[in-house]
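In what follows, a single structure is set out as structure tokens and then discussed.
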């Protein structure tokens, strides 16, 4: 048991922590933050989609391949199975990657804010006055 491997069993302490106000507060704040930023997130995703379709037309890719490529590029995964050859397409791929980083950064910022609020609420509830 002390070899550092995870056995997959949930201890009572872990189960209790999962169902405390900390977790529910985090999820509530996170979903609320996503709801507030949804117009921005959807706008950025739409721009990524449109730019991907423009690149796909220039590169003569199928529409689904363009969609796939644009979101793989936006998430900066970049498998390399599809890649643009034209200079203007490559420039647009950099723009798509920057927009994708912005989109990811917003989601991470919402998660960090939710965690901060949840931990502050937890600390307030736990600390004796």
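Numbering (the numbering used here), first residue to last: 1215 to 1343. Every residue, glycine too, gets a C-beta built ideally from N, C-alpha and C.
Would you say residue 1332 and residue 1239 are within 9 Å of each other, going by their C-beta atoms? Yes, they are a contact pair.
Kindly indicate which three-state DSSP category residue 1298 falls into: helix, strand or coil? It is coil, neither helix nor strand.
Assigned exposure category for residue 1227 - 16 Cβ within 10 Å defines buried: Exposed is the label assigned to residue 1227, since fewer than 16 other Cβ atoms lie within 10 Å of its Cβ.
Measure the CB-CB distance between residue 1258 and residue 1316 and report whether it falls below 9 Å. Between residue 1258 and residue 1316, the CB-CB gap stays under 9 Å.
So, helix, strand or coil for residue 1291, using DSSP? DSSP places residue 1291 outside both helix and strand once states are collapsed to three, so it counts as coil.
Is the stretch 1270 to 1289 touching the stretch 1242 to 1250 in the sense that three or more CB pairs, one from each, lie closer than 8 Å? No: the two stretches stay apart, fewer than three of their Cβ pairs being nearer than 8 Å.
Among residues of its own chain, excluding the 5 on either side of residue 1298, which ones have a beta-carbon nearer than 6 Å to its beta-carbon? Within the same chain, residue 1298 has close Cβ partners 1269, 1273, 1304, 1307.
Mapping DSSP to helix, strand and coil, what is residue 1341? Assignment of residue 1341 by DSSP, reduced to helix, strand and coil, places it in the coil class.
How is the alpha helix (DSSP H) around residue 1238 delimited, first residue to last? Per DSSP, residue 1238 belongs to the alpha helix (DSSP H) from 1235 to 1273.
Using 8 Å as the cut-off, can you tell me whether the stretch 1245 to 1265 makes contact with the stretch 1281 to 1296, which would need three or more C-beta pairs spanning the two stretches below that distance? With contact defined as three or more Cβ pairs closer than 8 Å, the stretch 1245 to 1265 and the stretch 1281 to 1296 are in contact.
Thinking just about the alpha-carbon of each residue, which of 1294, 1323, 1283 is nearest to the one in residue 1246? Looking at the Cα atoms, 1323 is the closest of the given residues.
I need the straight-line Cα distance from residue 1301 to residue 1295, nearest angstrom please. Just so you know, the alpha carbons of residue 1301 and residue 1295 end up roughly 18 Å apart.
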